[in-house]
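Chemist: Supplied in structure tokens, the structure appears directly below.
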Amino acid sequence: MYLKSMENAYSLEGKNCIITGGAKGIGLGITTAFAHQGANVAIFARDEASAAKVIEEYNARYKGEFSFYKTDVGNTASCREAVQAYMNDHDRIDVLVNNAGIGTAGPFMDMDEELTDWFECFNIDLHGAARMCYYVLKYMREQKSGHIVNITSNAGEIINKPFLTAYAASKAAFNHFTKCLAAETAPYGIRVNAIAPGFTFSNFSKGIPDEVYKSLCEDIPIDRFAEAFEIGALAAYLAGDISDIVTGAVFTADGGYALQH
Ligand SMILES: NC(=O)c1ccc[n+]([C@@H]2O[C@H](COP(=O)([O-])OP(=O)(O)OC[C@H]3O[C@@H](n4cnc5c(N)ncnc54)[C@H](OP(=O)(O)O)[C@@H]3O)[C@@H](O)[C@H]2O)c1
7 MYLKSMENAY
17 SLEGKNCIIT
27 GGAKGIGLGI
37 TTAFAHQGAN
47 VAIFARDEAS
57 AAKVIEEYNA
67 RYKGEFSFYK
77 TDVGNTASCR
87 EAVQAYMNDH
97 DRIDVLVNNA
107 GIGTAGPFMD
117 MDEELTDWFE
127 CFNIDLHGAA
137 RMCYYVLKYM
147 REQKSGHIVN
157 ITSNAGEIIN
167 KPFLTAYAAS
177 KAAFNHFTKC
187 LAAETAPYGI
197 RVNAIAPGFT
207 FSNFSKGIPD
217 EVYKSLCEDI
227 PIDRFAEAFE
237 IGALAAYLAG
247 DISDIVTGAV
257 FTADGGYALQ
267 H
């Protein structure tokens, strides 16, 4: 389908959306933006308690339906079973947002000989999304429709200091995975895009002392971190009919940080 009118073009009303890690940080910002647009949101994550709180509150406050499917994206069987359980309860999946991720800091040569951090980072940040795409795309291909939004990072485009080598390499691969998958799935009416955020308020930034925050902002042209909801607003755009011409794109959303690195 293609866009013919701006009426309800931003609406996600009635859309069945899966958001990995949708109860915390950027994921919660995405859940909230989708909730504002009327979506049904299923949170796929490990922590039942935080998701239960969000689900209770959002089911009371918003029009859509909010649910939780316990998932460890680092485990293939867990992803397969969670998607299967979701499809036992629903007749279709309109949107998948691959947001779940872990930050792995430090230079490559500081890692142990087994490269434990390297493999853990790739297993969650890249392979976790690949697993979710694999199981969800089986249904989207049958439906001949669907939108996937991948949350990567501006670290996949620049060299951060202090170094984030494993994380940056996994996110760079995630950006290219987005483009390859977009080309591969376009004949099935499926779109795949990515958002590459920069510094965004979430668990990772909790407790940053004021002076450290200010010095980090000196490198951000708009002079502040993003709010999780702002990343959510961009994800809502990419999940909706409004962006039907957009696929294989990586949207950097970092207040201009990557421009100077
Ligand atoms: N914050 C930033 O500045 C920033 C910048 C660029 C990119 N990003 C990216 O944005 C995404 C979200 O990060 P965030 O800052 O919001 O981090 P966060 O607050 O630490 O949240 C991480 C989320 O990922 C989920 N998660 C982690 N491991 C998981 C697993 N094995 N299985 C299922 N879910 C898992 C967590 O849910 P559970 O604990 O319930 O499993 C949680 O909801 C990540 O991909 C990150 O790389 C963040």
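Under this note's numbering, the letters of the sequence shown match residues 7 to 267, in that order.
No residue lacks a Cβ here, since even glycine has one placed at the ideal position from N, Cα and C.
Going by CA-CA distance only, name the one from Cys23, Glu163, Gly112 and Glu19 that's closest to Ile154.
Modeler: Along the sequence shown, one-based indexing puts residue 154 at 148. When only C-alpha atoms are compared, the closest one is Cys23.
Chemist: How is the alpha helix (DSSP H) around Ser56 delimited, first residue to last?
Modeler: Position 50 of the sequence shown holds residue 56. Start and end: Glu54 to Arg67.
Chemist: Which whole runs of the alpha helix (DSSP H) in the segment 131–201 are 4 residues long or more, in chain order?
Modeler: 133–149 and 171–191
Chemist: Assuming Tyr194 contacts Met146 (C-beta within less than 8 Å), just tell me the rounded distance between them.
Modeler: What you label residue 194 is simply residue 188 of the sequence shown in a count that begins at 1. What you label residue 146 is simply residue 140 of the sequence shown in a count that begins at 1. About 7 Å separates the two Cβ atoms, so the contact holds.
Chemist: Just to confirm, is the Cβ distance from Tyr141 to Val89 under 8 Å?
Modeler: On the sequence shown, residue 141 is found 135 positions in, with the first residue counted as 1. On the sequence shown, residue 89 is found 83 positions in, with the first residue counted as 1. Cβ distance < 8 Å, so Tyr141 and Val89 count as in contact.
Chemist: Helix, strand or coil: which one does DSSP assign to Ser11?
Modeler: One-based indexing of the sequence shown puts residue 11 at position 5. Of the three classes helix, strand and coil, the one that applies to Ser11 here is coil, per DSSP.
Chemist: Can the beta-carbon of Gly162 be found closer than 8 Å to that of Asn129?
Modeler: Translated into positions along the sequence shown, residue 162 becomes position 156. Translated into positions along the sequence shown, residue 129 becomes position 123. Not in contact: Gly162 and Asn129 (Cβ atoms no closer than 8 Å).
Chemist: Along the chain, where does the alpha helix (DSSP H) that runs through Ser84 open and close?
Modeler: As a first step, residue 84 must be located in the sequence shown, where it is residue number 78. Looking at the DSSP string, the run of the alpha helix (DSSP H) that includes Ser84 is Thr82 to Asp95.
Chemist: State yes or no: is the C-beta of Ser208 nearer than 7 Å to some heavy atom of ligand 1?
Modeler: As a first step, residue 208 is located in the sequence shown; it is residue number 202 there, counting from the start. Correct: Ser208 has its Cβ closer than 7 Å to ligand 1.
Chemist: Can you list, in chain order, the residues of its chain whose CB lies under 8 Å from that of Ile32, leaving out five sequence neighbours each side?
Modeler: Position 26 of the sequence shown, counting from 1, holds the residue named residue 32. The residues are Asn105, Ile157, Pro203, Thr206, Ser208, Ala234, Ile237 and Gly238.
Chemist: Assuming Leu9 and Asp247 are in contact, meaning their beta carbons sit under 8 Å apart, how far apart are those beta carbons, in whole angstroms?
Modeler: Sequence index remark: in the sequence shown, residue 9 carries index 3 (1-based). Sequence index remark: in the sequence shown, residue 247 carries index 241 (1-based). Yes, they are in contact, since the Cβ atoms of Leu9 and Asp247 sit about 6 Å apart, within 8 Å.
Chemist: With distances taken from CA atoms, which of Glu190, Ile25, Leu121 and Ile228 is nearest Ala241?
Modeler: Here residue 241 refers to the residue found at position 235 of the sequence shown. Closest option to Ala241, Cα to Cα, is Ile25.
Chemist: Would you say the segment 69–87 touches the segment 36–52, given that touching needs at least three Cβ pairs under 8 Å?
Modeler: yes
Chemist: For Asn160, count neighbouring Cβ atoms within 10 angstroms of its own Cβ and tell me buried if that reaches 16, exposed if not.
Modeler: Here residue 160 is taken as the residue at index 154 of the sequence shown, counted from 1. Residue environment: Asn160 is assigned as buried (16 or more neighbouring CB atoms within 10 Å of its CB, all protein chains considered).
Chemist: Taking 7 Å as the line, does the beta carbon of Gly33 fall inside it for any heavy atom of ligand 1?
Modeler: Along the sequence shown, read from residue 1 onward, the residue named residue 33 stands at position 27. Yes, ligand 1 has a heavy atom inside 7 Å of this Cβ.
Chemist: Enumerate in chain order the residues of its own chain whose CB-to-CB distance from Lys30 is below 8 Å, with the five nearest sequence positions on each side excluded.
Modeler: Indexing the sequence shown from 1 puts residue 30 at position 24. Result list for Lys30: Ala51, Asp53, Ser56, Ser208 and Asn209, in chain order.
Chemist: Put Ile251 into one of helix, strand or coil per three-state DSSP.
Modeler: If you number the sequence shown from 1, residue 251 lands on position 245. Looking at Ile251 - three-state DSSP - the assignment turns out to be coil, as it is neither helix nor strand.
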